[in-house]
Each structure stands twice: as C-alpha cells, then as structure tokens.
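Q: I'd like to ask you about the structure that follows.
This is the structure we're talking about:
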C-alpha cells in the first residue's frame, strides 16, 4: 500500500476572546494485493488464489475545516467546528470462482460534519457538554473483499454501501476534591444511522454458494437501519503521600442495532488500576488490567458461530471470558539522556484472549529497555 498526505493548518486571533482555526487535508491511498496458492508437498506448483483485497484499488480524500473558540467569560468557553470531506474510491472487484461478476466499482461521498461544545471551569473543576456529528465512509476492505472468514461462511463485496453517520452527545466533569483526590467522569450517547454491519446477504439470488468445495452462507457488509451506542467512563486519582500515587479508571460501552442485537465492535467492561511510587530518579509501578465477560446472550450474532475464536460453555454456546493481568515496571533515570526500564508483564501468567481477537495474548514476559537521547 502507498499512502500520501498533505495538510495545511492556520489560526487567526480575531480578538482577545475569539480565535479561528482553519485548514485543509488531502489523502491518497493506492493498494496492490495478489493471492497465490501452492501445495505443501509441491511448492513449485502454484495457482492464482483469491486476493485478500481488490488489486489496484485507490481511496482518496480531500477536506476543508473551520473551528472557533470563544471565551464567553473568564470561566466559560464556547467551541464549534465544521468539516466537509469529499471521498472517491475505485476498486476492481475480482471473484476467482465467478469471473463473470467481476466489475470496476466507483464510489463517491460528500460528507459534512460539525461540533458544538460548552465548557464551564474554575481552578478546581471543569464541566462540559458537547454535541457532534461524524461519518465513516466505506473503505476498500468494506466494499470489495472476498474472504472466507470462518468455515461455512463467505464474505462477498457489496457495491451499494453508503457512509454511516453519527450524531453524538457527551456530558462530563473533572473535579479536584482536595489536594489528594481528583475525579473525572463522563457519559455519552450516540445515534448511528446507516450503520455498516456484517449480515446475511444474497449472491446471484442465493443466500448460500459453494466456495472451495464447501457450501457457505453468504455474508456482506451492509447499511442496516440504525444503531445506538452509549456508555460511561470514570476515573480517580489519589495522592496517598508525597511519593505514593494511586489511579483507577473504568469504562463500560454499550451498543445495539435496530434489531436489538449487540454491535460487534463494542468492547466489554474494562478497568485499570495503578499504584506508583516515585523517589528522585527512581520509580516503580504495579498495574492491574481487567476485562469483563461477554455472556452468550450478549454475543453479536456474527460472532456466535466462531467456535475457533471464543470459549464454549457447557451448553455449547460461545462467549468471551473475563480476564485480568498484573504488570510491574521499574524506571531509573541515569541522567537526562539515559533512562533504564525493567519489568514483567502478565505476572500471574494468565491465559487470555482479548475480545474479538483471533490471537491469544502472550503469557508471562520480562522486558528490559534502555532509552538514549542526544
């Protein structure tokens, strides 16, 4: 893949209270992808396999933006912004098993977005509320891939994809209670229209086809009606002494589509707690990371059949188990140019796999790092 990007940013102070920031951005992407198959007993015998991505695809974007900051009073500020994106994508779809359906696809999108935020603050607290709109245009992978993601399922291209649009709101606060404790929290709610989700599809009028000698259900990325995303996050920082600090942070996102099913990219409840000791040039910390379980009834429909990726309970249902890790690290600053770090990750040697990942995480590991700067 070749990627090029050009940015231009500028700012202007209109008055003591009012500032504008404006600019533009151009992004260009071109992709080459070739698949080749061979027999393990005869590596010299090769044939053309299905490409992972459409070979020769391009994805280009041009945008302009304008944002403003206005100080209403010494303790209140208003911010706003608008951005317009023009996206053009070309992808030559190639389906080895059905060459008669190969076609060159051109997709174009014009997508405006904006934001508006109000902040009220003093020396020991800050409260804010934000509203915003956003979008995500289909990428080359969404629109063109032919992929056997799991036995009995085949993902095919969908050339009718449109951009998904997000309308979001957030309210939050940061509060310093005293010299030892500080809190921050926020709640967000978003409405996603034309959500791009993987769902059953028809190819040449059929919901199943023979692919690589196996009858496979046809799936595709599609714009479904709508979806909701909401959640919260909370953090606490405590100064237990002049040298000892404790922080904790947790968040819990939720997401449902128009059928009431869980969205595939919504992570489970997660939390991090860390205690840090600092003394002159030396510091050490211990970190606990926790991820909650995704129960069988909360698994997205597209994930329930992936028995090779998830755990299976006594009823034969897939689920993602909860897991935790404990990590320790020590840092010593030899001088301003040399820093030494040593630590151990996954101290309890817990076997776990992050949600929706196809790879099991590493077990207990030790690392030593030396950072030098001039």
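In the working numbering, the protein residues as written are 286 to 659. Virtual Cβ for every residue (Gly too), placed ideally from N, Cα, C.
1) Given a cut-off of 9 Å, decide if residue 346 and residue 390 are closer than it, judged by their beta-carbon atoms.
2) Opposite residue 618 in the DSSP bridges: which residues?
3) Determine the contact status of residue 306 and residue 352, defining contact as a CB-CB distance below 9 Å.
4) Taking its Cβ as the centre, do 16 or more other Cβ atoms sit within 10 Å of residue 542, making it buried, or is it exposed?
5) How is residue 510 classed by DSSP in three states: helix, strand or coil?
6) Reducing DSSP to helix, strand and coil, say where residue 428 ends up.
7) Taking the straight line between their C-alpha atoms, what separation do you get for residue 523 and residue 466?
8) Rounded to the nearest angstrom, how far is the Cβ of residue 508 from that of residue 549, given a contact under 8 Å?
9) What first and last residue would you give for the beta strand (DSSP E) that runs through residue 646?
10) Leaving out five residues on either side along the sequence, give the residues of the same chain with a beta carbon under 6 Å from the beta carbon of residue 418.
11) Can you give the Cα-Cα distance for residue 425 and residue 623, rounded to whole angstroms?
12) If you compare alpha carbons, which of 606, 612, 653 and 325 is closest to residue 645?
13) Taking Cβ to Cβ, would you say residue 394 is nearer than 9 Å to residue 354?
14) Going by beta-carbon coordinates alone, are residue 456 and residue 506 separated by less than 9 Å?
15) Assuming contact is defined by CB atoms lying nearer than 9 Å, are residue 578 and residue 538 in contact in what I supplied?
16) Residue 599 by DSSP, collapsed to three states: which one?
17) DSSP on residue 661, reduced to helix/strand/coil?
18) I believe residue 482 touches residue 514 by the beta-carbon criterion, under 8 Å. Please report the beta-carbon distance rounded to the nearest angstrom.
A: Looking at the coordinates:
1) For the 9 Å CB-CB criterion, residue 390 and residue 346 do not form a contact.
2) The partner list for residue 618 (beta bridge, DSSP) reads 624.
3) Yes. Within cutoff.
4) That one is buried.
5) Coil, per DSSP.
6) It is helical.
7) Answer to the nearest angstrom: the Cα atoms are 4 Å apart.
8) Contact annotation, residue 508 with residue 549: C-beta distance approximately 15 Å; criterion of less than 8 Å not satisfied.
9) Here residue 646 belongs to no beta strand (DSSP E), and DSSP marks it neither H nor E.
10) Cβ within range, chain order: 398, 399 and 452.
11) It is roughly 44 Å from the alpha-carbon of residue 425 to the alpha-carbon of residue 623.
12) When each option's Cα is compared against that of residue 645, the closest is 606.
13) For residue 394 and residue 354, no; Cβs fall outside 9 Å.
14) Taking 9 Å as the Cβ cut-off, residue 456 and residue 506 do not qualify as a contacting pair.
15) The criterion of a C-beta distance shorter than 9 Å is not satisfied by residue 578 and residue 538.
16) Note: residue 599 maps to coil in three-state DSSP.
17) An answer regarding residue 661 cannot be provided, because it is not within the stretch 286 to 659 covered by the chain.
18) About 12 Å separates the two Cβ atoms, so there is no contact after all.
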